[in-house]
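Contents: one structure, followed by commentary.
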Amino acid sequence: MRTSSIIIFCLLATAFSSCKKFEYFQTDPNKPTQATPELLLTNIETAAFNDISTSGAFASRYLVNTDGIDSYQYYNWQRSGFNDFGNLRQVVKMEEEATRINQPVYLALSKFFRAWFFMKLTLAFGDVPYSEALKGSSEMFTPAYDRQEDIFLNILNDLKAAGDQLVAADGDIRGDVIYGGKKEQWKRLINSFSLRILMSLSQKEGNAKLKVKERFAEIVNNPSKYPLLSGSADNGQLVFADLQDNRYPYYNNNSMQTAFYLEENFVDLLKQYKDPRLFRFAQKATKYAGLPDNDFNAYGGAKGSATIDENNSRVVNGEVSKIAKRYYNDPVNEPSVVLGYPELQFVLAEAVIRGWISGDATDYYKKGIQASMEFCKIAPADITAYLAQPSLQLVPGKELEGIFNQKYISFFMNSGWQVFYEQRRTGLPVFDVSGNGVLNNKKVPKRWMYPDTELNLNRQHVSDAITRQYPQGDNINGIMWLLVKE
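According to UniProt numbering, the residues represented by the sequence shown are 1 to 486, in order.
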């Protein structure tokens, strides 16, 4: 009897288990299928804020690579990828999880990160998928490309909504490795980012839809509603730690130790201003090893447009300064700044010169310089002496040149490709293309070509976007809508 009962129980158990759906057995109980918003936020922040780019440094004439022909140094890049759509999918997942557990504060931050990653994409290519993007769950795998003008308009509106939503949202921001959950600092970053975007639209002052000047003035003239970065403590930056996967990205990098030298025109600009930041950016050239560390004559640069042979000859002669050791032997070095107080001050100074806002352009300009030098750990007395130099004063009629030069210096080894986009917009400082190493018919590229994956999987839409924007076809010298004056 006992044996029969056991057999019947086993048969029933087997029958019950056989009723379970196949999908049941495809779920690993040890692997979570849901993630809390704070875990997603940490990864999203790290992807967005760890933005130190030697490629951008080569293209922006800060550094020279003597190890080989670098396409960024010699202006011969071609296609780039849509990798930031991967980051945007993480933002969408954070939105879904925040909605699931009713945490609206993460929805406000998601608007900022949507704006951040979409801005990177449109600045690189021009028109990109936007309104139909990120809808793979709806089986929309070939999204149309939105016009750049519409993308900018939507991003600006989303940032404004993000600030308002952040004020109203209840709940703490957990998982925040940038500001430690401080909503006020996020508001300041969001509004300052809006000003950066509006200034990037300086060629569009006459665009009635965007109302660039009006939007800019609205933010600056209402600080209680639109607070801005108030000092370097508010910098949008990722601080590194001496832990695995958390160190400065070029720590122990062999190429940086052996083949990365400062560019000649950048060194000459620093010498022209007698700028002590040179001593923080570079090592003395070996030819002048006997001179004091603070002697400007002890530093030299290689020419970004020269051939590798020409530059290596100068290296052998000991005439050229390597990048400072701290960039490869300090696991912490300095934070990765993606949008800082110095940049904001230079943006405000430019806005005064352009007549967008009232104020003292010189005051903003000097605050930007001071904050940059403090970030570089320049002594207070040296900062005071630097700011008092006649060569540092803004010259009437040439104010923008002075502002852009200092903005350029302040971006050294931070803010990703932003400095390249600033030069693309303004033409200042001039990037040297005179040497025999430069390709692309000795022109500085304006953009990247669309990814091969889009040509293979979304050909009709990407072809329509190319035809609409670039009459000469998809090429790196195409002039996107952003750069056409209105």
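Ideal placement from N, C-alpha and C gives every residue a C-beta, glycine not left out.
Cβ-based burial, residue 141 [other Cβ within 10 Å; buried from 16]: Position 141 of the sequence shown, counting from 1, holds the residue named residue 141. Residue burial annotation: residue 141 is exposed, with fewer than 16 other C-beta atoms found within 10 angstroms of its C-beta.
task: State yes or no: is the C-beta of residue 345 within less than 7 Å of the C-beta of residue 368?
output: Numbered from its first residue, the sequence shown carries residue 345 at position 345. Numbered from its first residue, the sequence shown carries residue 368 at position 368. Their beta carbons are under 7 Å apart, which means residue 345 touches residue 368 by this criterion.
task: Closer than 6 Å by C-beta to residue 485: which residues in its own chain qualify, once you throw out the five before and the five after it? Chain order, please.
output: The residue given as residue 485 occupies position 485 in the sequence shown. The residues are 203.
task: Can you have a look at residue 101 and say buried or exposed, based on whether 16 or more other CB atoms are within 10 angstroms of its CB?
output: The residue given as residue 101 occupies position 101 in the sequence shown. Here residue 101 is exposed, its C-beta having fewer than 16 other C-beta atoms within 10 Å.
Secondary structure of residue 243, DSSP reduced to three states: Counting from one through the sequence shown, the residue named residue 243 turns up at place 243. Note: residue 243 maps to coil in three-state DSSP.
message: Using the Cβ count rule (16 or more neighbours within 10 Å means buried), how would you classify residue 208?
response: Position 208 of the sequence shown, counted from the start, is the residue given in the question as residue 208. Note on residue 208: under 16 other CB atoms within 10 angstroms of its CB, so exposed under the neighbour-count rule.
- request: Could you tell me if residue 136 is buried or exposed, where buried requires 16 or more neighbouring beta carbons within 10 angstroms of its beta carbon?
  value: In the sequence shown, the residue the question calls residue 136 occupies position 136. A residue is called buried once 16 or more other Cβ atoms fall within 10 Å of its Cβ, and residue 136, having fewer, is exposed.
- prompt: For the alpha helix (DSSP H) that residue 311 lies in, which residues bound it at each end?
  reply: For the purposes of this step, residue 311 is taken as the residue at position 311 of the sequence shown. Run containing residue 311: 308-316, per the alpha helix (DSSP H) assignment.
message: So, for residue 445: in the same chain, excluding its five sequence neighbours on each side, which residues have a beta-carbon less than 7 Å away from its beta-carbon?
response: Position 445 of the sequence shown holds residue 445. Hits under 7 Å: 75, 77, 476, 477.
- prompt: Is it true that the CB of residue 428 sits closer than 7 Å to the CB of residue 412?
  reply: Here residue 412 refers to the residue found at position 412 of the sequence shown. Here residue 428 refers to the residue found at position 428 of the sequence shown. It is not a contact, given that the beta carbons lie outside the stated cut-off.
- prompt: Where does the unbroken alpha helix (DSSP H) through residue 408 begin, and where does it stop?
  reply: Reading the sequence shown from its first residue, position 408 is the one you call residue 408. First-last of the alpha helix (DSSP H) with residue 408: 399-410.
- prompt: What whole-angstrom Cβ distance do residue 215 and residue 198 have, given they're in contact under 8 Å?
  reply: Numbered from its first residue, the sequence shown carries residue 215 at position 215. Numbered from its first residue, the sequence shown carries residue 198 at position 198. Separation of the CB atoms of residue 215 and residue 198 is rounded to 6 Å, and the pair is thereby assigned contact status at 8 Å.
query: Under the DSSP definition of a beta bridge, which residues are partnered with residue 323?
result: To locate residue 323, count along the sequence shown from 1; it is residue 323. DSSP lists 282 as partners of residue 323.
- prompt: What number of angstroms, rounded off, separates the C-alpha of residue 472 from the C-alpha of residue 479?
  reply: Stepping through the sequence shown from its first residue, residue 472 is reached at position 472. Stepping through the sequence shown from its first residue, residue 479 is reached at position 479. Their backbone Cα atoms lie some 10 Å apart in a straight line.
field: In DSSP terms, what residue 236 is bridged to
entry: Looking up residue 236 in the sequence shown gives position 236. Note: residue 236 is bridge-paired with 339 in the DSSP secondary-structure output.
message: Quick check on DSSP: helix, strand or coil for residue 394?
response: Position 394 of the sequence shown, counting from 1, holds the residue named residue 394. In the structure shown, residue 394 falls within a coil segment according to DSSP collapsed to helix, strand and coil.
Alpha-carbon to alpha-carbon, residue 334 and residue 343: The residue you call residue 343 lines up with position 343 of the sequence shown. The residue you call residue 334 lines up with position 334 of the sequence shown. Cα to Cα, residue 343 sits roughly 17 Å from residue 334.
- request: Using three-state DSSP, classify residue 79 as helix, strand or coil.
  value: Taking the first residue of the sequence shown as 1, we reach residue 79 at position 79. Residue 79 falls in the strand class under three-state DSSP.
message: Going by DSSP, what residue range makes up the beta strand (DSSP E) through residue 64?
response: One-based indexing of the sequence shown puts residue 64 at position 64. Residues 63-65.
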